[in-house]
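These protein sequences, in sequence, are chains A and B.
If you read the first sequence in the working numbering, its first letter stands for residue 274, the second for the next number, and so on.
If you read the second sequence in the working numbering, its first letter stands for residue 2, the second for the next number, and so on.
Note that the Cβ used here is the ideal one computed from N, Cα and C, for glycine as well.
Small disclaimer: the values here were computed from a predicted structure and weren't measured.
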Amino acid sequence: MTEKRKYMTVPRESATFDRLTMAEIRRAADTGIYDIRGAGAKRKLPHFDDLLFLGASMSRYPLEGYREKCNTSVTLGNRFAKKPIELEIPITIAGMSFGALSAYAKEALGRGASAVGTSTTTGDGGMTPEERGQSTKLVYQYLPSRYGMNPDDLRKADAIEVVLGQGAKPGGGGMLLGQKITDRVAKMRTLPKGVDQRSACRHPDWTGPDDLEIKIKELREITDWQVPIYIKVGATRTYYDVKLAVKAGADVIVVDGMQGGTAATQDVFIEHVGIPTMAAIPQAVQALQEMGMHRKVQLIVSGGIRNGADVAKCMALGADAVAIGTAAMVALGDNDPKWEEEYQKLGSTAGSYDDWHEGRDPAGISTQDPELMKRFDPVEGGRRLANYLRVLTLEAQTLARACGKNDLRNLEPEDLVALTVESAAMARVPLAGTSWIPGQQQTF
Amino acid sequence: MSTNNLAEQTSAFETINGVGTVDLSVQTVRDLNQALHDQHDDMTIEKWDVLNPKGHHNLAVGVNQKLKIDIHGPAGYYCAGMNQEAEITIHGHTGQGVAENMMSGLVRVKGNASSAAGATAHGGLLVIEGDAGSRCGISMKGVDILVKGSVGHMSCFMGQAGVLAVCGDAGEALGDSLYEAHIYVKGSVKSLGADCIEKEMRAEHIEELTELFERAGVTDQDPRDFKRYGSARQLYNFKVDNAGAY
Numbered sequence: 274m275t276e277k278r279k280y281m282t283v284p285r286e287s288a289t290f291d292r293l294t295m296a297e298i299r300r301a302a303d304t305g306i307y308d309i310r311g312a313g314a315k316r317k318l319p320h321f322d323d324l325l326f327l328g329a330s331m332s333r334y335p336l337e338g339y340r341e342k343c344n345t346s347v348t349l350g351n352r353f354a355k356k357p358i359e360l361e362i363p364i365t366i367a368g369m370s371f372g373a374l375s376a377y378a379k380e381a382l383g384r385g386a387s388a389v390g391t392s393t394t395t396g397d398g399g400m401t402p403e404e405r406g407q408s409t410k411l412v413y414q415y416l417p418s419r420y421g422m423n424p425d426d427l428r429k430a431d432a433i434e435v436v437l438g439q440g441a442k443p444g445g446g447g448m449l450l451g452q453k454i455t456d457r458v459a460k461m462r463t464l465p466k467g468v469d470q471r472s473a474c475r476h477p478d479w480t481g482p483d484d485l486e487i488k489i490k491e492l493r494e495i496t497d498w499q500v501p502i503y504i505k506v507g508a509t510r511t512y513y514d515v516k517l518a519v520k521a522g523a524d525v526i527v528v529d530g531m532q533g534g535t536a537a538t539q540d541v542f543i544e545h546v547g548i549p550t551m552a553a554i555p556q557a558v559q560a561l562q563e564m565g566m567h568r569k570v571q572l573i574v575s576g577g578i579r580n581g582a583d584v585a586k587c588m589a590l591g592a593d594a595v596a597i598g599t600a601a602m603v604a605l606g607d608n609d610p611k612w613e614e615e616y617q618k619l620g621s622t623a624g625s626y627d628d629w630h631e632g633r634d635p636a637g638i639s640t641q642d643p644e645l646m647k648r649f650d651p652v653e654g655g656r657r658l659a660n661y662l663r664v665l666t667l668e669a670q671t672l673a674r675a676c677g678k679n680d681l682r683n684l685e686p687e688d689l690v691a692l693t694v695e696s697a698a699m700a701r702v703p704l705a706g707t708s709w710i711p712g713q714q715q716t717f
Numbered sequence: 002m003s004t005n006n007l008a009e010q011t012s013a014f015e016t017i018n019g020v021g022t023v024d025l026s027v028q029t030v031r032d033l034n035q036a037l038h039d040q041h042d043d044m045t046i047e048k049w050d051v052l053n054p055k056g057h058h059n060l061a062v063g064v065n066q067k068l069k070i071d072i073h074g075p076a077g078y079y080c081a082g083m084n085q086e087a088e089i090t091i092h093g094h095t096g097q098g099v100a101e102n103m104m105s106g107l108v109r110v111k112g113n114a115s116s117a118a119g120a121t122a123h124g125g126l127l128v129i130e131g132d133a134g135s136r137c138g139i140s141m142k143g144v145d146i147l148v149k150g151s152v153g154h155m156s157c158f159m160g161q162a163g164v165l166a167v168c169g170d171a172g173e174a175l176g177d178s179l180y181e182a183h184i185y186v187k188g189s190v191k192s193l194g195a196d197c198i199e200k201e202m203r204a205e206h207i208e209e210l211t212e213l214f215e216r217a218g219v220t221d222q223d224p225r226d227f228k229r230y231g232s233a234r235q236l237y238n239f240k241v242d243n244a245g246a247y
C-alpha cells in the first residue's frame, strides 16, 4: 500500500444524499417527470412490529389453544342498515379496482373472501360480473370519479363505501395510466381508450361534512335503507375525520394508514402524506368513545396488515375488523420469486416490483394484457387467498387465547406494550417494562 | 325527525283521480321514495304529484320506472338523483346535484338549479329552464343537459361524454380538463379551462343541437347562434411540456 492510500479516508455515503436519493435526482433530471408507482409507503415507519402482547400468566387466565373457542365473527353496519353485514372473520379485502387489477384477479379475491365468509370491495371503476358473481359479500365503493357508478349495481351491493381518501394518498385522486385503459376498462369508465385517467380527488356534488350527511341519506333512500354505508378516509387528522364521519351518518368507518397501497400515484405522495396506521387507530377509537359510538359505529383499519399479529394488535387497539390489499395481492402471487427473471427484465426484482401502473405485471394480476392475464388462475388464486386468510385468523386467535380472550374483539390496549418510545406514544400503550405512555399522565 | 326514525317509515300516499299524491307536509321523504320504488316491479300508478316539497332533500331519488312525477315547489339537494326512466318535473328551484348520476329519463327544472346539476350523469336529458350554478355537468358521462339561462364556473369540468348546451353565458374555466363531452354556448364564455378550446361548428353539430332542442321542447333557439367547445386532447397523456397546465 502506498503512503498516500494509507491515509485516505474510506468512501463515505451521505445519509442525506444516499444512493436512492441521488438515483432519484438523476431520474428526475433525465425525464422531467415525477416517479409514479404502486403499493404503499416503503420507508421504515413505526408499525405493529413495535408492539408486543402481554400473554397471561399469574394475573390473567389463558384459554386452551385447541379446545376453547375464540370467536372471530363480527357484524358491520347495524347502526341504520336493515341488513348489516355478518362476517365470519374480521379480515376483509380492501377496495382494488377492475382496471388496476385484471378481471381474473378480482374474481380470485371474491373466491378467496367468500370461502372464509368475509367481504371484498370493488374499487374505482365499477362492479364487474366476475367479482359480484364470486363475492357473497361485496362492498361497492362510491368514489369521486363515479366511474361505472349506476343504481342497479348500487342495489346489488351488500354495503356501500363512500371513499373520501386512502392511506397511500390522502387528498389525492385515483390514477390509471393509458397502458391499462383497454376497450373494456374504457367502456366501464366512459373514457377514451389509452388515455391517462386521473380521477378527481374530491366528490363532484358535495363539499363538506354537512353535504355528506345529505349525500349519505340519498344513498340510503335509493337503496331503501337496506345496506350499511361505510365512510373511508386516509389517515391524517383521524380524530376529527372520524367524528365528522359519525355525524354524517356512517354505519362503519374505514381508516386507511399510510402503509396502505395504491395502484398508482406519485412516490412523493405515498411517502410524505398521511400518518402510520398504528398512530391512527387510537385517534379513531378516542373519537368514537367520546361520542359513545365505539362498537356501535364499527371501525375497520387497513394499511400494512401482514399477519395475524397485526390483526390482533389492531383489534386490541379498538378496531372491529381490518382490511388487507397489498397482502392479498401477494397471497394471490404478486411479486412471487418464480417470476424473478421477468422482474429483472423490468428493472426490478421479486419483492420490490411496484410499477403496477405500467400493466406489465409478470404475475398477471395488476395488468390488462390478455397474455399476461392468462398466467393467473382465479381458482388457484382464490384458494391461496382463502388459505392466507385462515392463517391470519388462526394466528390472531392464538394471540387472543394467550391473553385470555374468547373473542378477538375482547382484546384491549391493556394487552399491549410498546418496544419504542415512538410506538408507545402513537399506540398509547406503555413502553414495555414501564407504566409510561408518552404524552399521558403517569399513573401507578 | 331523527335519521333512525326515517328508516322505520313505511310507504304511505293518497290516490287522487288516479294520481299518486304525496304531501310532504304530512308524509316523509321516505314515504315518497318507497312509494315510487314500489312501482318498479308492479307499476299500478304512473302519475305522481309531490306537494309541499319545501326544499326537502333527496326527493324522487333512485326511481327506476317510467313514472311521470311532478314536484310542486322547490326541492333541496339531489332531487331526481340516479333517475332511470322517469320523467320528473320540478316546478320550482332545486338545490345541489339535481339529477346527479342520472342514467335515463327526463328531468326538467322550471326554475334555477344550484351547483353540480347533472353531475356524473350517464344518460337521459336534464333541462334547466332558469340558470344553473357552478360545476353544471361536472364529470358528465353521457347525459344531455340544456340550460336556457347561464351556467356558473367550472361547468363541464372533466366532462366525459354527452352534451352541455347553454343558451346564456358560461362562467370561468368552462370545460376544464375536458374529455369527450360536447359543449355549446350561445352567449359569452368568461374563460375556458385547461385543454378546452373553441372548435368549428359543423353540420353534424347543428344537427346535434337541433335534435337536442326538439327533445327538450325548446322552440325559440337557433343552433347556428351557438359556438362549440371541446377538448384539445393535449392533456390526455402526461407530457412534461404540459406541466404548466396542471
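Residue-level contact to chain B via CB, residue i, 8 Å cutoff
i: Asn608/A; result: no
i: Leu561/A; result: no
i: Asp397/A; result: no
i: Met422/A; result: yes
i: Lys490/A; result: yes
i: Ala473/A; result: yes
i: Ile504/A; result: no
i: Gly305/A; result: yes
i: Ile487/A; result: yes
C-beta neighbour in chain A for residue i, strict 8 Å
i: Asn6/B; result: With a pLDDT of 41 at Asn6/B, under the threshold of 50, the modelled position of that residue is not reliable, and the figure given next carries that caveat. False, the Cβ-Cβ gap to chain A never drops below 8 Å.
i: Gln40/B; result: no
i: Phe14/B; result: no
i: Glu101/B; result: yes
i: Val62/B; result: yes
i: Tyr78/B; result: yes
i: Gly112/B; result: no
i: Met159/B; result: yes
i: Tyr237/B; result: yes
i: Gln66/B; result: no
7 Å Cβ cut-off: residues of chain B touching residue i
i: Pro477/A; result: Ala117, Ala120, Thr121, Arg136, Ile139 and Ser140
Contacts of residue i in chain A (Cβ-Cβ under 8 Å)
i: Gly19/B; result: Ordered by position in chain A, no residue passes the 8 Å Cβ test against Gly19/B, which lies about 25 Å from the chain.
i: Ala162/B; result: Thr463
i: His269/B; result: In the structure as shown, chain B begins at 2 and stops at 247. Residue 269/B is therefore absent and cannot be evaluated.
As assigned by DSSP and simplified to three states, the class of residue i
i: Ala204/B; result: helix
i: Gln617/A; result: helix
i: Gln235/B; result: coil
i: Thr4/B; result: The predicted position of Thr4/B is uncertain, since its pLDDT is 38 and thus under 50; no value can be drawn from it.
i: Leu561/A; result: helix
i: Glu685/A; result: coil
i: Trp789/A; result: Any property of residue 789/A remains undetermined from this structure, which presents chain A solely from 274 to 717.
i: Ala691/A; result: strand
i: Gln414/A; result: strand
i: Glu215/B; result: helix
i: Cys474/A; result: coil
i: Gly21/B; result: strand
i: Tyr78/B; result: coil
i: Gly338/A; result: coil
i: Ala87/B; result: coil
8 Å Cβ shell around residue i - same chain, five flanking residues per side excluded
i: Leu52/B; result: Thr22, Val23, Asp24, Leu25, Ser26, His73 and Gly74
i: Pro335/A; result: Gly328, Ala329, Arg674, Ala675, Cys676 and Gly677
Close Cβ partners of residue i (< 7 Å) along its chain, the five nearest in sequence each way excluded
i: Gly396/A; result: Gly368, Met369, Ser370, Phe371, Ala373 and Gln414
Under 7 Å from the C-beta of residue i: neighbouring residues of chain A
i: Gln35/B; result: Asp497
i: His181/B; result: The sequence given here places Glu at residue 181/B; His does not occur at that position. Under the 7 Å cutoff, chain A gives Pro465.
i: Asn53/B; result: Chain A residues near Asn53/B: none, gap ~18 Å exceeds 7 Å.
Close beta carbons around residue i, own chain, < 6 Å, minus the five adjacent residues each side
i: Lys149/B; result: Glu130 and Cys168
i: Leu33/B; result: Val23
i: Ala376/A; result: Thr401 and Glu403
i: Ala623/A; result: Asn608, Pro610, Glu613 and Tyr616
i: Ala76/B; result: Pro54, Leu60, Ile91 and Thr95
Contacts of residue i in chain A (Cβ-Cβ under 9 Å)
i: Val241/B; result: Thr304, Gly305 and Ile306
i: Val30/B; result: Lys490 and Glu494
Distance cut-off 7 Å: residue i Cβ against heavy atoms of the ligand PLP
i: Glu685/A; result: In the structure shown, the ligand PLP is absent, as is every other ligand, since no ligand is present at all.
TODO: May I have a chain-ordered list of the alpha helix (DSSP H) segments no shorter than 4 residues that lie completely inside the segment 98 to 175 of chain B?
DONE: none
TODO: With a floor of 4 residues, list each alpha helix (DSSP H) that falls wholly inside the segment 365 to 415 of chain A, ordered by position along the chain.
DONE: 376 to 388 and 402 to 407
Open item on the list: Runs of 3 residues minimum, wholly inside the segment 290 to 349 of chain A: which ones carry the beta strand (DSSP E) assignment?
Closed with: Restricting attention to beta strand (DSSP E) runs no shorter than 3 residues, the segment 290 to 349 of chain A encloses them at 324 to 326 and 347 to 349, ordered along the chain.
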